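> The structure that follows is given in the form of structure tokens.
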Amino acid sequence: AMAYKRNPMRSERMTGLARKLMGLPANFAATAANQWFERTLDDSAIRRMDLAQAFLLTDAILKLYINITADMVVYPKQIEKHLLAELPFMATEKILMACVERGKSRQEMHEVIREHSVAAGLDVKNQGVDNNLLARLASDSRVPFDQDELLGLVSNFQQFTGRAAEQTSEFLDEVVHPVLRKYSDLCGDIDASLQV
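Structure below.
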């Protein structure tokens, strides 16, 4: 019924399997709570079924993930569109600090920016219009910046991502790549084709 969707069957299957996998720990917790660390036989069925299922489910989920992402296409213009829709809100702290540097009261500017942010957010949600927070601020005589100056303050997207790029690189270098090197003999080409 939703012909516009891409990869729905595989993505939805992966979601269903993940839901099943996330539910398995409840069985382990219930067994542990019932046994109170006493070894009884009531856990044998759980161990035989759920441990095996956990590994099989994880394997199936990862194969589906590889299959789905193998031909993934990233649309930079869509990313930019969504980023620009939220960027003015993300930049409010930077705008506030810039106003203070120009001699404005932090308390007053915080209230001005909050008022305009709430109004712009309601317009976006209720009327479906583009985010006009920067235009609102530029037209307010209490704000010491014009629209071009405000655009200049927010033009570098990367300044609003914090350490995300560095943290990603660190995680890859310190965690992912060492594991991949250690098990490189097992990490050959994975057949993630689906037989369904």
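Numbering-wise, my numbering puts 119 at position 119 of the sequence shown, and it's gapless, one number per residue. Glycine is no exception: its CB is placed at the ideal position from the N, C-alpha and C atoms. For clarity, every value in this text was computed on a predicted model and none was experimentally measured.
1) Mapping DSSP to helix, strand and coil, what is P76?
2) Hey, could you find the ends of the alpha helix (DSSP H) S139 is sitting in?
3) Of all the options R142, Q147, G128, Y183, which has the alpha carbon lying nearest to the alpha carbon of V100?
4) Using 8 Å for Cβ pairs, my map puts N67 next to L194. What's the rounded Cβ distance?
5) Would M14 pass as a contact of P8 if the rule is Cβ separation under 8 Å?
6) Leaving out five residues on either side along the sequence, give the residues of the same chain with a beta carbon under 8 Å from the beta carbon of H241.
7) Using DSSP with H/G/I as helix, E/B as strand and the rest coil, what is V143?
8) Quick one: is I190 buried, meaning 16 or more other Cβ sit within 10 Å of its Cβ, or exposed?
9) Return the residue from the list Q158, L134, L186, P178 that minimises the CA-CA distance to L150.
10) Contact defined as beta carbons within less than 8 Å: I believe L24 pairs with T58. What is the distance between those atoms, to the nearest angstrom?
11) Looking at L51 and K94, is the spacing between their C-beta atoms short of 8 Å?
12) Count the other C-beta atoms from every protein chain shown that fall within 10 angstroms of the C-beta of L137, then say buried if there are 16 or more, exposed otherwise.
13) Give the secondary structure of S193 by DSSP, where H, G and I count as helix, E and B as strand, and everything else as coil.
14) Give the DSSP-derived three-state secondary structure of E38 in the structure shown.
15) By how many angstroms is the C-alpha of I61 removed from the C-alpha of G16?
Per the coordinate set shown:
1) Walking along the sequence shown from the start, residue 76 turns up at place 76. When secondary structure is reduced to three states using DSSP, P76 falls in the helix class.
2) Residue mapping note: residue 139 aligns to position 139 of the sequence shown, counting from 1. Unbroken alpha helix (DSSP H) run through S139: 133-139.
3) As a working note, residue 100 is residue 100 in the sequence shown. Taking only the C-alpha atoms, the option nearest V100 is R142.
4) On the sequence shown, position 67 is the one that residue 67 refers to. On the sequence shown, position 194 is the one that residue 194 refers to. Between L194 and N67 the Cβ distance is about 6 Å, and since that is below 8 Å, they are a contact.
5) Working through the sequence shown from its first residue, we reach residue 14 at position 14. Working through the sequence shown from its first residue, we reach residue 8 at position 8. Inclusion of M14 and P8 in the CB contact set at 8 Å is not warranted, their separation being larger than that value.
6) The structure shown does not extend to residue 241, since the chain spans only 1 to 196, so no value can be given for it.
7) Reading the sequence shown from its first residue, position 143 is the one you call residue 143. When secondary structure is reduced to three states using DSSP, V143 falls in the coil class, being assigned neither helix nor strand.
8) As a working note, residue 190 is residue 190 in the sequence shown. Exposed is the call here.
9) Sequence index remark: in the sequence shown, residue 150 carries index 150 (1-based). Ranking Q158, L134, L186, P178 by Cα distance to L150 puts L134 first.
10) Walking along the sequence shown from the start, residue 24 turns up at place 24. Walking along the sequence shown from the start, residue 58 turns up at place 58. Not a contact, Cβ separation roughly 10 Å.
11) Counting from 1 along the sequence shown, the entry for residue 94 is found at position 94. Counting from 1 along the sequence shown, the entry for residue 51 is found at position 51. Not a contact, by the Cβ cut-off of 8 Å.
12) Taking the sequence shown and counting its residues from 1, one reaches residue 137 at position 137. When all chains shown are included, L137 counts as buried.
13) Locating residue 193 in the sequence shown gives position 193, where the first residue counts as 1. Note: S193 maps to coil in three-state DSSP.
14) Position 38 of the sequence shown, counted from the first residue, corresponds to residue 38. Correct three-state label for E38: coil.
15) To locate residue 16, count along the sequence shown from 1; it is residue 16. To locate residue 61, count along the sequence shown from 1; it is residue 61. Their backbone Cα atoms lie some 9 Å apart in a straight line.
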